[in-house]
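Visitor: Structure provided below as C-alpha cells; questions to follow.
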Amino acid sequence: MRKQIAAANWKMNLTFQQGEKLLDDILDAGINLSPDQQVIFAVPYPYLLMTRSEVEDAANYEVAAQNCSDKISGAFTGEISVEMLHSIAVNYCIVGHSERREYFTESNSLLAEKINRCLEYRITPIFCCGESLAVRESGKQNEFVQTQLGESLFHLNAENIKKIIIAYEPIWAIGTGKTATAEQAQEMHAHLRSILAAQYGQEVAQAISILYGGSVKANNAKEVFSGPDVDGGLVGGASLVASDFKEIIRSLK
Ligand code: PEP
Numbered sequence: 011m012r013k014q015i016a017a018a019n020w021k022m023n024l025t026f027q028q029g030e031k032l033l034d035d036i037l038d039a040g041i042n043l044s045p046d047q048q049v050i051f052a053v054p055y056p057y058l059l060m061t062r063s064e065v066e067d068a069a070n071y072e073v074a075a076q077n078c079s080d081k082i083s084g085a086f087t088g089e090i091s092v093e094m095l096h097s098i099a100v101n102y103c104i105v106g107h108s109e110r111r112e113y114f115t116e117s118n119s120l121l122a123e124k125i126n127r128c129l130e131y132r133i134t135p136i137f138c139c140g141e142s143l144a145v146r147e148s149g150k151q152n153e154f155v156q157t158q159l160g161e162s163l164f165h166l167n168a169e170n171i172k173k174i175i176i177a178y179e180p181i182w183a184i185g186t187g188k189t190a191t192a193e194q195a196q197e198m199h200a201h202l203r204s205i206l207a208a209q210y211g212q213e214v215a216q217a218i219s220i221l222y223g224g225s226v227k228a229n230n231a232k233e234v235f236s237g238p239d240v241d242g243g244l245v246g247g248a249s250l251v252a253s254d255f256k257e258i259i260r261s262l263k
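Per the numbering used here, the sequence shown starts with residue 11, numbered consecutively.
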C-alpha cells in the first residue's frame with residue numbers, strides 16, 4: 011500500500027517556543043502510526059533541528075523544509091541549499107507551494123530544477139500543484155495540472171518519479187475555509203493518477219502518494235481522505251492547533 015500521509019505546513023507562523031510546545035502537545039498524544047502511515051512537519055528553517063530531535067523517537071514522524079534553492083551552492087545570500095538540508099538529516103522538502111509560485115514567481119521549469127536538486131541529495135520532494143479559482147471556473151483545471159506535472163516532473167525516469175510525493179492544492183481552497191468536496195478531491199486525484207499512469211504505467215502511478223491540501227480541518231479530514239486516490243493531506247492552518255492536527259492524523263486511512 012502506498013503511504014498515507016498527514017503533512018503539516020506551518021508556513022511563516024509560530025515562534026520557536028510555540029513550535030516546540032505544539033510538537034510536544036502532538037507527540038505526547040503518542041499516536042502510533044502503522045508502517046503505511048506517516049506524519050511530516052514542514053517547519054521554518056530555524057526550527058528544523060529542534061523538530062528533528064523532537065520526532066527522533068517517534069516512528070514514521072518526519073521533518074520537512076518548506077522550500078529549497080534550485081542552486082547547488084555559492085553566492086546566493088539568504089538561500090538554503092538541499093546539501094545544507096541533507097547535512098542536518100532533513101529528508102523531505104515542499105517544492106512549488108502555490109504561495110511560492112505566486113509571491114516568489116516560481117515557474118514550472120524552476121521547480122523542475124528544485125526537484126532535481128532534492129533527488130540528488132535523496133530528499134523527498136512534496137511537489138504541490140493545483141489551479142486558481144479562475145482556472146477552475148473556466149473548467150480547465152485538468153489541463154492546468156497536467157501542464158504543471160509535465161513541465162516540472164516528467165523529465166524524471168520511472169525510478170525517480172516514484173520518489174516524489176504529490177500534493178494537489180487547489181489555490182481557491184488554501185486558507186480560505188473553502189474545502190474541495192470529497193468528490194472534487196477524488197476526481198482530481200484520479201485524474202492526476204491517470205496522467206501519471208499514461209506517462210509511466212499503472213504500477214508506478216499506483217505507488218505515488220497524492221495528498222490533498224486546502225482547508226483540511228479536524229471535522230472534514232476523514233471525509234476528504236476517504237477517496238481511494240486521496241492519500242492524506244497537506245495541512246496549513248489546522249496544523250497549528252494541536253488538537254486539530256491530532257484529529258487529522260487519526261483520520262488517515
Ligand atoms: C497549505 O498551505 O498547504 C494549506 C493547505 O493551507 P490551509 O490548510 O490553511 O488551507
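The beta carbon of each residue, even a glycine, is placed where N, CA and C say it ideally should be.
Does the beta-carbon of residue 191, which I'm using as the reference point, lie nearer than 8 Å to any heavy atom of ligand 1?
Guide: No; taking the cut-off as 8 Å, the Cβ of residue 191 has no heavy atom of ligand 1 nearer than that.
Visitor: Which of the three DSSP states, helix, strand or coil, is assigned to residue 104?
Guide: Residue state, collapsed to three classes: strand.
Visitor: Determine the extent of the alpha helix (DSSP H) in which residue 210 is found, giving its start and end residues.
Guide: Residue 210 -> alpha helix (DSSP H) spans 192 to 210.
Visitor: Looking only at its chain, what residues have a beta carbon closer than 7 Å to the beta carbon of residue 154, apart from the 5 residues adjacent to it on each side?
Guide: Contacts found: 141 and 145.
Visitor: Among residues of its own chain, excluding the 5 on either side of residue 218, which ones have a beta-carbon nearer than 8 Å to its beta-carbon?
Guide: Here the set comprises 12, 171, 172, 174, 175, 176, 203 and 206.
Visitor: Among 210, 183, 55 and 62, which one has its Cα closest to the Cα of residue 79?
Guide: Of 210, 183, 55 and 62, the residue nearest in Cα terms is 55.
Visitor: Identify every residue that forms a DSSP beta bridge with residue 189.
Guide: The partner list for residue 189 (beta bridge, DSSP) is empty, contrary to what the question assumes.
Visitor: Take the Cβ of residue 50 as the centre, count every other Cβ of all protein chains shown within 10 Å, and call the residue buried at 16 or more, exposed below.
Guide: Classification for residue 50: buried.
Visitor: Mind listing, in chain order, the continuous alpha helix (DSSP H) runs of no fewer than 4 residues lying wholly within the stretch 86 to 143?
Guide: Complete alpha helix (DSSP H) runs here, min 4: 92 to 97, 108 to 113 and 118 to 130.
Visitor: Say yes only if the C-beta of residue 245 is nearer than 8 Å to one or more non-hydrogen atoms of ligand 1, and no if none qualify.
Guide: The answer is yes for residue 245.
Visitor: Are the beta-carbon atoms belonging to residue 105 and residue 121 less than 9 Å from one another?
Guide: Yes, Cβ-Cβ distance for residue 105 and residue 121 is below 9 Å.
Visitor: Where does the unbroken beta strand (DSSP E) through residue 235 begin, and where does it stop?
Guide: Taken as a continuous stretch (DSSP letters only), residue 235 belongs to no beta strand (DSSP E), as it is neither H nor E.
Visitor: Would residue 15 be called buried (16 or more neighbouring beta carbons within 10 Å of its own) or exposed?
Guide: Buried.
Visitor: Report yes if the C-beta distance between residue 103 and residue 77 is below 9 Å; otherwise report no.
Guide: Yes, the pair counts as a contact, with Cβ atoms nearer than the cut-off.
Visitor: Determine whether the beta carbon atoms of residue 86 and residue 57 lie at a separation below 9 Å.
Guide: The answer is no: Cβ separation not under 9 Å.
Visitor: With 16 as the cutoff for other CB atoms within 10 Å, does residue 111 come out buried or exposed?
Guide: Buried.
Visitor: Roughly how far, in whole angstroms, is the beta-carbon of residue 17 from the beta-carbon of residue 244, given that I think they are within contact range, below 8 Å?
Guide: Between residue 244 and residue 17 the Cβ distance is about 5 Å, and since that is below 8 Å, they are a contact.
Visitor: Under 8 Å by Cβ, that's how I've got residue 81 and residue 91 pegged, so tell me the actual separation to the nearest angstrom.
Guide: That belief holds up - the Cβ atoms of residue 81 and residue 91 are roughly 7 Å apart, short of 8 Å.
Visitor: Please identify the residue among 28, 20 and 45 whose C-alpha is closest to the C-alpha of residue 262.
Guide: It is 45.
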